[in-house]
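Chemist: The sequence shown begins at 19 in our numbering and counts up by one. Each residue gets a CB set at the ideal place from its N, CA and C atoms; glycine is no exception. Quick one: the structure is below, questions incoming.
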Amino acid sequence: MTITREGDGGKEAVRVSLRQKKCTVFALMLGVPALLYLIAMALERTGLDVYEAIPAMAFFAVIAGVLLHLCWMRCPHCGSWLERNDGEYCQNCGKRIDWDAKPGKE
Ligand SMILES: [Zn+2]
């Protein structure tokens, strides 16, 4: 099964390994809310409007992280969602998952 590349027009498509995608997802789901929390702490006494929006921003970061996880964390062989599978093998087709492989190499 060939995976359709995003942005077919761009020849220099960004090639990202599963590991990098996973890091991005976790940075979004954990790092962004943590950062926003720190910002909220800093802004607490200022009474700025931004302060009110921070929980919503954190919420959206988590939602985006979940969506990206659903889109990205897929087996390169059968395309099934890996869920929390960190192992070397796909839980669905049993093939080896190369976490550092960058798709699109020719
Ligand atoms: Zn698979």
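Just checking: is the beta-carbon of Leu-100 within a distance shorter than 7 angstroms of some beta-carbon in chain B?
Modeler: Absent from the structure: chain B. Only one protein chain is present.
Chemist: Output the distance between the C-alpha atoms of Leu-56 and Asp-118, rounded to the nearest integer angstrom.
Modeler: Here residue 56 corresponds to residue number 38 of the sequence shown, with the count starting at 1. Here residue 118 corresponds to residue number 100 of the sequence shown, with the count starting at 1. Asp-118 has its alpha-carbon roughly 32 angstroms from the corresponding atom of Leu-56.
Chemist: Run through DSSP, which three-state label would Arg-37 get?
Modeler: On the sequence shown, residue 37 is found 19 positions in, with the first residue counted as 1. In the structure shown, Arg-37 adopts helical secondary structure according to DSSP, grouped into three states.
Chemist: Is Trp-99 helix, strand or coil by DSSP?
Modeler: Counted from its first residue, the sequence shown places residue 99 at position 81. Three-state result, Trp-99: strand.
Chemist: Roughly how many whole angstroms lie between the Cα atoms of Leu-48 and Val-80?
Modeler: Taking the first residue of the sequence shown as 1, we reach residue 48 at position 30. Taking the first residue of the sequence shown as 1, we reach residue 80 at position 62. Their Cα atoms are separated by approximately 8 angstroms.
Chemist: If you drop the 5 nearest sequence neighbours on each side, which residues of the same chain put their C-beta closer than 8 angstroms to that of Val-84?
Modeler: The residue labelled residue 84 in the question sits at position 66 within the sequence shown. So the qualifying residues of the chain are Met-47.
Chemist: Count Cβ pairs between the region 67-75 and the region 86-96 that sit closer than 8 angstroms; are there 3 or more?
Modeler: Not touching, per the Cβ criterion.
Chemist: What does Tyr-107 pair with, by DSSP beta-bridge criteria?
Modeler: The residue you call residue 107 lines up with position 89 of the sequence shown. Beta-bridge partners assigned by DSSP to Tyr-107: Arg-114.
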